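**Student:**
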Amino acid sequence: MKAIRVHQFGEPSVLRHEDAPEPQPGPGQVVVRASAVGVNPVEVYIRSGAYGQRTFPFIPGTEAAGVVETVGTGVTRVKVGDRVYVAGSVSGTYAQLVLSDQNQVHPLPQHVSFEQGAAMGVAYATAWRAIFQRGQAKPGETVLVHGASGGVGTAAVQIARAAGLVVFGTGGTEEGRKLVAEQGAHHVLDHKNPDYLKQLMDLTGGQGVNLILEMLANVNLGKDLEVLSRNGRVVVIGSRGTVEINPRNTMARDADIRGMALFNATEADYQTIHAALVAGLENRTYRPIIGRRFPLADAPKAHEAIMAPGSHGKIVLVP
Ligand code: NAP
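Residues 2 to 320 in the working numbering are what the sequence shown lists, from first letter to last.
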């Protein structure tokens with residue numbers, strides 16, 4: 002099969018499109034023929050070596066969607082020919098064939114495209130965990146999706162809106178903000194406008210928001226603490242460096258800063274997340290937005306695109 006393999010850390014050019022052995026399912030495992038593969042910032046950090054040692058060569062990626070090709074002994078969740086999305090993989094997902102444990106594979110409703118399915122394993126799972134498991138959001142609360150135009154942000158807007166929250170979303174471009182509004186944000190702000198957090202405070206009648214989902218904490222965390230309500234929570238989803246905060250802003254509000262990493266989800270958390278995501282796909286409240294698609298061989302271009310400003314939903318690779 003064709004796959005993207007990394008033989009050494011480095012620039013996007015280390016993503017080599019080459020022949021790799023076809024994975025074989027062991028007991029309880031499933032091989033999926035991938036029709037689409039999700040691209041995420043974390044794969045850029047891993048490829049560049051920022052996340053520590055790996056065994057070379059490795060196939061990057063943890064999410065994809067396609068059709069079950071073969072199953073190992075003892076597999077009961079799916080059968081050959083089923084449409085599925087993959088959220089986690091034993092072999093890596095930047096490939097034509099993807100090996101996963103059966104509990105990492107979830108049904109993909111007929112009306113959802115494979116490209117959309119490839120957005121579930123990281124972006125939707127992260128947004129869901131941030132809102133409910135870490136953010137403990139309740140219907141009627143206000144949420145600022147700080148960075149709402151990308152893969153996680155568009156998912157968060159749809160999920161929060163469907164759960165009855167009042168949603169504020171930010172984007173850095175006109176196109177991105179239009180997309181955020183289309184996903185259901187009640188109010189859309191420009192995170193490049195110097196006054197946008199004042200606008201947020203005005204829109205909340207000076208109260209601030211109950212919850213912030215933060216995509217770029219190294220830039221925003223200090224300011225986030227000034228626009229939180231009493232008992233407010235910031236969930237740190239993304240950060241690319243250090244930041245100075247004034248701790249007094251947490252004291253004044255009994256506010257919490259809560260980090261989150263999807264890979265810290267327990268097996269029980271994970272099954273909860275995906276039960277909710279499958280239901281949201283089935284009832285059409287979750288509608289993943291695909292902004293750009295690249296052939297698998299162009300994975301280096303996809304890695305450059307995911308780090309560039311001007312996000313517009315999810316980026317996928319097509320094997
Ligand atoms: P993405 O598709 O590239 O989206 C990036 C988002 O950040 C866009 O909405 C972008 O808006 C926004 N942004 C840029 N500058 C900003 C600023 N100054 N203030 C607020 N937002 C700003 O990436 P993604 O897949 O959604 O991931 C978002 C972040 O979450 C990344 O840092 C990623 O590493 C992290 N993440 C973490 C986890 C976890 O488990 N903790 C899981 C998945 C992702 P414009 O482009 O419109 O400016």
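Glycine residues also receive a C-beta, built at the ideal position from the N, C-alpha and C atoms. Nothing here was measured: the structure is a model prediction, and the numbers come from that model.
What separation, rounded to the nearest whole angstrom, lies between the Cα atoms of Ala303 and Asp102?
**Tutor:** Taking the straight line joining both Cα atoms gives about 27 Å.
**Student:** I'd like the span of the beta strand (DSSP E) that includes Ile238, first residue to last.
**Tutor:** Segment: none, Ile238 is in no beta strand (DSSP E) and carries neither H nor E.
**Student:** Name the DSSP beta bridge partners of Gln30, please?
**Tutor:** Gln30 is bridged to Asp102.
**Student:** Helix, strand or coil, according to DSSP, for Val1 in the structure here?
**Tutor:** Limits of the chain in this structure are 2 at one end and 320 at the other, which puts residue 1 out of reach.
**Student:** Alpha carbon to alpha carbon, what distance is there between Leu278 and Asn104?
**Tutor:** Cα to Cα, the separation comes out at about 14 Å.
**Student:** With Ala156 and Pro289 assumed to form a contact (beta carbons below 8 Å), what rounded beta-carbon distance in angstroms separates them?
**Tutor:** Sure, about 7 Å apart at Cβ, within 8 Å.
**Student:** State the DSSP-derived secondary structure class of Glu176, mapped to helix, strand or coil.
**Tutor:** Note: Glu176 maps to helix in three-state DSSP.
**Student:** Under a Cβ-count criterion, where at least 16 other Cβ atoms within 10 Å of its own Cβ denotes burial, should Ala309 be classed as buried or exposed?
**Tutor:** Exposed, by the Cβ-count rule.
**Student:** Going by C-alpha distance, which of Glu44, Phe295, Ala51 is nearest Pro61?
**Tutor:** Here the closest residue by C-alpha is Glu44.
**Student:** Please report the Cβ distance between Ser90 and Thr63, rounded to the nearest whole angstrom; I am assuming they are in contact, meaning their Cβ atoms lie under 8 Å.
**Tutor:** With 8 Å as the limit, Ser90 and Thr63 qualify as a contact, their Cβ atoms being about 6 Å apart.
**Student:** Where does Asn221 land, buried or exposed, given buried means 16+ other C-beta within 10 angstroms?
**Tutor:** Classification for Asn221: buried.
**Student:** So is the beta-carbon of Leu217 under 7 Å away from any non-hydrogen atom of the ligand SAH?
**Tutor:** By its list of ligands, the structure shown excludes the ligand SAH, since it contains just the ligand NAP.
**Student:** Would you list the residues sitting across from Ala35 in a DSSP beta bridge?
**Tutor:** The partner list for Ala35 (beta bridge, DSSP) reads Gly67.
**Student:** Does the distance from the CB of Gln30 to the CB of Pro320 come in under 8 Å?
**Tutor:** Not a contact, by the Cβ cut-off of 8 Å.
**Student:** Can you grab the Cα-Cα spacing for the pair Arg67 / Met2, in whole Å?
**Tutor:** The identity of residue 67 in the sequence shown is Gly, whereas the question assumes Arg. Each residue's alpha carbon lies about 15 Å from the other.
**Student:** Given that a residue counts as buried once 16 or more other Cβ atoms are within 10 Å of its Cβ, and exposed if not, what is Lys193?
**Tutor:** Lys193 comes out exposed.
**Student:** Quick check on Val81: buried or exposed, where buried means 16 or more other Cβ atoms within 10 Å of its Cβ?
**Tutor:** Per the 10 Å Cβ criterion, exposed.
**Student:** Look at the Cβ atom of Arg234, then the Cβ atom of Arg259, and state whether they are nearer than 8 Å.
**Tutor:** Result yes, Cβ atoms of Arg234 and Arg259 sit closer than 8 Å.
**Student:** Verify the contact flag: Leu318, CB atom, against every heavy atom of the ligand NAP, threshold strictly below 7 Å.
**Tutor:** No, the beta carbon of Leu318 sits no closer than 7 Å to any heavy atom of the ligand NAP.
**Student:** Starting from Glu1, trace the alpha helix (DSSP H) in both directions and tell me its first and last residue.
**Tutor:** Within the shown structure, residues of the chain are numbered from 2 to 320, placing residue 1 beyond reach of any answer.
**Student:** Using beta carbons (cut-off 8 Å, strictly below), is Tyr271 in contact with chain D?
**Tutor:** In the displayed structure, chain D is absent; only one protein chain is listed.
**Student:** Would you grab the beta carbon distance between Asn219 and Val244 for me? Rounded to a whole angstrom, and I think it's under 8 Å.
**Tutor:** Their Cβ separation, rounded to whole angstroms, is 5 Å, which keeps Asn219 and Val244 in contact under 8 Å.
**Student:** Using beta-carbon positions only, say whether Asp316 and Gly292 come within less than 8 Å of one another.
**Tutor:** Just to set this straight, residue 316 is Ile in the shown sequence, not Asp. In this structure, Gly292 lies closer than 8 Å to Ile316 by Cβ.
**Student:** Between the Cα of Gln134 and the Cα atoms of Ile47, Ala262, Gly172, which residue gives the shortest distance?
**Tutor:** Comparing Cα-Cα distances from Gln134 to each of Ile47, Ala262, Gly172, the minimum goes to Ala262.
**Student:** So, for Thr174: in the same chain, excluding its five sequence neighbours on each side, which residues have a beta-carbon less than 7 Å away from its beta-carbon?
**Tutor:** Correct list, in chain order: Gly311.
**Student:** Using a threshold of 7 Å, is the CB atom of Ala1 nearer than that to any non-hydrogen atom of the ligand NAP?
**Tutor:** Residue 1 lies beyond the range of the chain shown here (2 to 320); nothing can be said about it.
**Student:** Kindly indicate which residue of Arg130, Val158, Val168, Pro296 has the alpha-carbon position closest to the one of Thr267.
**Tutor:** Per the Cα distances, Arg130.
**Student:** If we ignore side chains and look at the alpha-carbon of each, how far apart do Gly53 and Gln208 end up?
**Tutor:** For Gly53 and Gln208, the distance between alpha carbons rounds to 42 Å.
**Student:** By the DSSP assignment, the alpha helix (DSSP H) with Asn250 in it spans what residues?
**Tutor:** Asn250 -> alpha helix (DSSP H) spans 249 to 252.
**Student:** Please go through the same chain and pick out, in chain order, the residues whose beta-carbon is closer than 8 Å to the beta-carbon of Ile274, but skip the five residues on each side of it.
**Tutor:** Excluding residues within five positions, the ones whose Cβ falls inside 8 Å are Ala126, Trp129, Arg130, Gln134, Ala266.
**Student:** Between Gly151, Ile5, Val158, Ser150, which has its C-alpha nearest Thr143's C-alpha?
**Tutor:** When each option's Cα is compared against that of Thr143, the closest is Val158.
**Student:** Could you say which of Met121, Ser36, Arg6, Asp20 lies nearest to Phe295 if we only look at CA atoms?
**Tutor:** For Phe295, the nearest C-alpha among the options comes from Ser36.
**Student:** Please confirm whether Arg178 and Asp191 have their CB atoms less than 8 Å apart.
**Tutor:** Yes, they are a contact pair.
**Student:** Can you look up Lys138 in the DSSP assignment and give me helix, strand or coil?
**Tutor:** It should be noted that the sequence gives Ala, not Lys, for residue 138. Three-state DSSP puts Ala138 in coil, outside helix and strand.
**Student:** Taking the straight line between their C-alpha atoms, what separation do you get for Val85 and Ile132?
**Tutor:** If you take the alpha carbons of Val85 and Ile132, they lie about 24 Å apart.
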